[in-house]
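In our numbering, the protein residues as written are 136 to 386.
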Amino acid sequence: MKMGDNNKVAVVTGSSRGIGRGIARALADAGNLVAVTYNVNGTLADELVEEISSRGGRAIAVQMTVEDRLSVRRALEEVREKLGPIDILVNNAAIAQEKPFETITDEDWDRMLTVNLRGAFACCQEVLPGMKEKGWGRIINISSIGGQWGGFNQVHYAAAKAGLISLTMSLARIYSRYGITSNAVAPGLVATDMSSAELETDSGREKVRNIPVGRIATVEEVAWVVVFLAGEDSSYITGQTINVNGGMYFG
């Protein structure tokens, strides 16, 4: 059931699987036209597009490698040609790596920040002029509880996600006056294939035991927060980090 027929054009990076997939599906259910971007999982992206179409929505699959500026530009131009000017950007594309701090290499560090932080920076730069011209826009960055309280075996991941929160606040300071809000969503532990490695560790299992609500989140619980931030009713919320963590962190 649709929450409303908004016909806004939304780009969700890294949305062939995991949290991004749930966000793309929820935005489509809310009446938005959705670009499902993927790096290598084209088959999964196509399957999601078909699912959205079967539910009465409209979506397209677009290849995008967020660490490659030319790929970002080509993908966003394809979205504009097929769906129209971009109203909503959800920076979800990310990688994770479980690795003790002492063993993280310079290459590990650089790749983590390139994909998880520089990719979002590039996407924001490429969509903001159009949003500014239109006088309306929504930027939603998917951060993580790790970006708020630090990482244990994912220090470089936590650093990138903390940077994403700072990017969110900076964009809010600059662009909110133009009708463009910028917010972050910081999930805790969510049931996805990316989180499965962490949940199989002793520290991961201990985290689950200590979650106040007593369980990990579903993808849908994160996705509908994004839908709210992407809509008209959130127009006075900007520069914020919305925690979706079951009470793991109260900051």
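Backbone N, C-alpha and C fix where the C-beta goes; we use that ideal spot for every residue, glycine too.
C-alpha distance - residue i paired with residue j, whole-angstrom precision
i    : j    : result
M266 : D337 : 45 Å
A358 : A352 : 11 Å
R350 : G381 : 8 Å
T178 : A196 : 9 Å
V146 : T327 : 20 Å
K143 : T238 : 44 Å
Q283 : E216 : 38 Å
V250 : R190 : 32 Å
R152 : A180 : 8 Å
G155 : R208 : 20 Å
A297 : V320 : 12 Å
Same chain, Cβ closer than 6 Å to residue i, neighbours up to 5 away in sequence not counted
i    : result
N174 : T200
S369 : F363
W244 : H291
S311 : T373
I83  : Nothing in the structure corresponds to residue 83, since the chain is present only between 136 and 386.
G157 : V354, E355 and A358
Beta carbon of residue i nearer than 8 Å to that of residue j
i    : j    : result
S278 : L299 : yes
A255 : L302 : yes
M247 : Q232 : yes
E355 : A161 : yes
L183 : A210 : no
S150 : N226 : no
A387 : G285 : It is not possible to answer for residue 387, since the shown part of the chain is limited to 136 through 386.
Nonlocal neighbours in the same chain, by C-beta distance under 7 Å from residue i, ignoring five residues either side
i    : result
F236 : V290
K137 : Because the pLDDT of K137 is 41, which lies under 50, any placement of that residue in the model is unreliable, and the number read from its coordinates should be weighed accordingly. Answer for K137: D164, A165 and G166, listed in chain order.
L218 : V144, L168, A170 and I195
Neighbourhood of residue i by C-beta distance below 8 Å, restricted to the same chain and skipping five residues each side
i    : result
I372 : T316, N318 and L364
M383 : I280, G323, L324, K342, N345, I346 and P347
V214 : V144, V146, A170, I195, V197 and I221
**Message:** List, from N- to C-terminal side, the alpha helix (DSSP H) runs of 4 residues or more that fit wholly inside the region 171-236.
**Reply:** Here the runs fully enclosed are 177-189 and 204-217.
**Asked** Can you give, in chain order, each stretch of the alpha helix (DSSP H) that sits fully within the region 327-380 and has at least 4 residues?
**Response** As for any alpha helix (DSSP H) of minimum length 4 sitting wholly inside the region 327-380, the runs are 331-334, 337-344 and 354-364, ordered along the chain.
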